[in-house]
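A quick write-up on the structure given underneath.
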Amino acid sequence: MNILITGATGLIGTALSTALTAEGHNVYALSRDSTADAIKPAPFYWQPKQKIIRFDSSISIDIVINLAGENIADRRWTANSKATIWQSRIDSTQLLSETLAKLNNKPSLLISASAIGFYGDTGSNIVDERSSAGNEFLADLSVAWEQATAAASAAGIRTVHLRTGIVLSPNGGALKQMLLPFKLGLGGAFGNGQQYMSCIGLHEAVNIIQFIMAQESIHGAVNMVAPEAVTNKVFTKTLGAVLKRPTIFTVPVPIAKFAFGEMADHLLLTGARVKPSVLIEHGYTFSDKDLTSTLERVLLE
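With the first letter of the sequence shown counted as 1, position 70 gets the number 70 in the numbering used here; the numbers rise by one all the way through.
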């Protein structure tokens, strides 16, 4: 199949591109670089801020996987950074969706990234795809992100909203940032550590996307998380145990807020206890039995 990926150089996009190419698919990146090499133009090119997008009409795309978006945790949140986070997801997704809807040869499937931030802070309450949205910045962002695919869905393209949890990989994301302090024996829980973390190994995320591609009955929201969420305290102890390092410290709430600002309230001190009901109901078999096995696997990458 011909598969087009946005965010192809990101953490998930890189791993997914490698896996799909290994299976014999033709993988194309929707690139912000207008030249594929020094001679010919890139077949798929866009500049979302300028609302520019160009598709090579000689290549019929079967599946589009939209993973583009500004990293929400790489800097303190300000009004400007939040606007950039919003624009990088909603505006780009809407541009892509409207473009796909106008194609003569439309793809059969659009898998578009979303996030478990959709649910807001759920405390110890379990939520799944049938649960309502929260009322915080990340919830509003996720709702708008999913709504931005409306044109593609209305055009008859099967559309899946991939509500992604914390992706675990030593090569990027939250785990990469945690590894050094944990390896130095300085790792610890944030606040009281009772906030839930809904995680997924990078290898599992790639498998889930391939599963969705093959399961034509799946559409709408899909929680891409492991079956069992854990508290921040449990995650901390488990990572310490896997690394064979102590985890005796904690990060007090005032220090977390001072260091990370508003982001601390949304990403570090609160959480969502999310269940992947759609995947379970469609018979997906998770490869890892628990967080320990997930961490052991990803740390061998």
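All C-beta atoms, glycine included, are put in the ideal place defined by N, C-alpha and C.
| Asked | Found |
| --- | --- |
| CB contact flag (Lys106, Ile63, <8 Å) | no |
| Buried or exposed by the 16-neighbour rule on C-beta atoms within 10 Å, applied to Ala22 | exposed |
| Residues bridged to Gly24 (per DSSP) | Looking at the DSSP assignment, Gly24 forms no beta bridge with any residue, so it has no partner. |
| CA nearest to the CA of Asp91, picked from Phe55, Gly172, Trp46, Ala115 | Trp46 |
| Closest by C-alpha distance to Ala101, when choosing among Val143, Phe55, Asp128, Met178 | Phe55 |
| Residue burial classification, Ile39 (beta-carbon count within 10 angstroms, cutoff 16) | Legend: pLDDT at Ile39 = 47, less than 50; position of this residue unreliable, no value from coordinates given. |
| Lys237 classed as buried or exposed, judged by whether at least 16 other C-beta atoms fall within 10 angstroms | buried |
| Cβ contact check for the stretch 140 to 150 and the stretch 187 to 200: 3 or more pairs under 8 Å | no |
| Euclidean distance between Cα positions of Gly172 and Leu299 | 12 Å |
| Enclosing beta strand (DSSP E) for Met213 [first to last residue] | Unbroken run through Met213 is the alpha helix (DSSP H), 202 to 214; no beta strand (DSSP E). |
| Cβ-Cβ separation, Ser114 to Ala151 (assumed contact under 8 Å), whole Å | Their Cβ separation, rounded to whole angstroms, is 16 Å, which puts Ala151 and Ser114 out of contact at 8 Å. |
| Sequence-distant residues of the same chain with beta carbon closer than 8 Å to Leu95, five excluded per side | Trp46, Pro48, Lys51, Ile53 |
| Inside the stretch 75 to 112 only - alpha helix (DSSP H) runs reaching at least 4 residues | 79 to 86, 92 to 102 |
| Span separating the alpha-carbon of Asn135 from that of Ile59 | 41 Å |
| Cβ neighbour criterion (16 or more within 10 Å) applied to Glu281 | exposed |
| Meets three-Cβ-pair contact criterion under 8 Å: the stretch 114 to 129 and the stretch 260 to 274 | yes |
| Inter-stretch contact at 8 Å, needing at least 3 Cβ pairs: the stretch 200 to 214 / the stretch 274 to 293 | yes |
| Per-residue burial, Pro254 [other beta carbons within 10 Å of its own, 16 or more giving buried] | exposed |
| Cα-Cα separation between Lys176 and Ser169, rounded to whole angstroms | 7 Å |
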